[in-house]
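Beneath this line is the structure, given in structure tokens, with notes to follow.
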Amino acid sequence: MEQAKKRDHKIYVTDVAVNKISRTFIPFLSEKQNELIYKNHVALLQTAKDKNDSNEVAFLFDLNTGESCIKMGDESEVNIFLNPNAVSMSAHSQDKTLFLAHNHPSTQDFSYSDIGVFLLNDSFGGISVVSNLGDVHILFKSDRFDFYRAYEYISFIRNEYDHYDSEADRAIVKRFLKNSEKLGILQY
Numbered sequence: 010m011e012q013a014k015k016r017d018h019k020i021y022v023t024d025v026a027v028n029k030i031s032r033t034f035i036p037f038l039s040e041k042q043n044e045l046i047y048k049n050h051v052a053l054l055q056t057a058k059d060k061n062d063s064n065e066v067a068f069l070f071d072l073n074t075g076e077s078c079i080k081m082g083d084e085s086e087v088n089i090f091l092n093p094n095a096v097s098m099s100a101h102s103q104d105k106t107l108f109l110a111h112n113h114p115s116t117q118d119f120s121y122s123d124i125g126v127f128l129l130n131d132s133f134g135g136i137s138v139v140s141n142l143g144d145v146h147i148l149f150k151s152d153r154f155d156f157y158r159a160y161e162y163i164s165f166i167r168n169e170y171d172h173y174d175s176e177a178d179r180a181i182v183k184r185f186l187k188n189s190e191k192l193g194i195l196q197y
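Under our numbering, the first residue of the sequence shown is numbered 10, with each subsequent residue one higher.
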């Protein structure tokens, strides 16, 4: 448990963590879509454990068709767009039909970079972070989502910091998420 207290320390995925992943219930999604998110969260953490030394892994999938792609990362980052299929999916999908799920080897939930990727991709309706301990954090764009207001707000917060480090990252995200519902971003 001591390692879980250090946000910047890699936590190795265990079977207990994979089994701990909670079922998803997003009220405006169908049962099938909620089940798809849950199954991808389980597969994501299992893939990180079995095939990527508990490092970051990203799954991008279509909430309607189930089409998906994967990208392995390292301990501190993963870029789904290094997979050409992800680029194609994003370019050819309707707004808010894709879901980006990824894990964090630390206990951190969303990062500033995660929020940026989510805001800047119209095709992304949802994003999740699954910690290597099995905790799930989800953001969803509602019908009230306003890109310009959200981007302006996170930029305003970021510009209040003279320097950028992991502490600033956490503070920016915390403040942004505190007001996310007003921007049309729902947390689950």
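The beta carbon of each residue, even a glycine, is placed where N, CA and C say it ideally should be.
Keep in mind it's a predicted model, so treat the numbers as computed, not measured.
| message | I need the boundaries of the alpha helix (DSSP H) containing Ser-97, first residue and last residue. | response | Taking the first residue of the sequence shown as 1, we reach residue 97 at position 88. The continuous alpha helix (DSSP H) containing Ser-97 extends over residues 93-101.
| query | Helix, strand or coil: which one does DSSP assign to Gly-125? | reply | Position 116 of the sequence shown holds residue 125. Of the three classes helix, strand and coil, the one that applies to Gly-125 here is helix, per DSSP.
| message | Could you pull the DSSP bridge partners for His-111 from this structure? | response | By 1-based counting over the sequence shown, the position of residue 111 is 102. Answer is Ala-67, Val-138.
| task | With a 10 Å radius around its C-beta and 16 neighbouring C-beta atoms as the bar for buried, classify Val-25 as buried or exposed. | result | Here residue 25 corresponds to residue number 16 of the sequence shown, with the count starting at 1. Val-25 should be labelled exposed.
| task | Would you please state the rounded distance, in angstroms, between the beta carbons of Gly-122 and His-18? I believe it to be under 8 Å. | result | Counting from 1 along the sequence shown, the entry for residue 122 is found at position 113. Counting from 1 along the sequence shown, the entry for residue 18 is found at position 9. Sequence inspection shows Ser at residue 122; the Gly mentioned does not correspond to that position. Contact between Ser-122 and His-18 is absent: CB atoms are separated by about 19 Å, not below the 8 Å threshold.
| Considering only C-alpha positions, which residue in the set Asp-144, His-172, Ala-67 is nearest to Asp-107? | To locate residue 107, count along the sequence shown from 1; it is residue 98. One detail in the question is off: residue 107 reads as Leu in this sequence, not Asp. Of Asp-144, His-172, Ala-67, the residue nearest in Cα terms is Ala-67.
| Three-pair Cβ contact test at 8 Å for the stretch 40-54 versus the stretch 65-79 | Yes, the stretch 40-54 touches the stretch 65-79.
| message | Going by DSSP in three states, His-18 sits in which element: helix, strand or coil? | response | Against the sequence shown, residue 18 aligns to sequence position 9. Three-state DSSP puts His-18 in coil, outside helix and strand.
| request: Using beta-carbon positions only, say whether Asn-112 and Asn-141 come within less than 8 Å of one another. | output: As a first step, residue 112 is located in the sequence shown; it is residue number 103 there, counting from the start. As a first step, residue 141 is located in the sequence shown; it is residue number 132 there, counting from the start. Yes, the Cβ-Cβ distance between Asn-112 and Asn-141 is below 8 Å.
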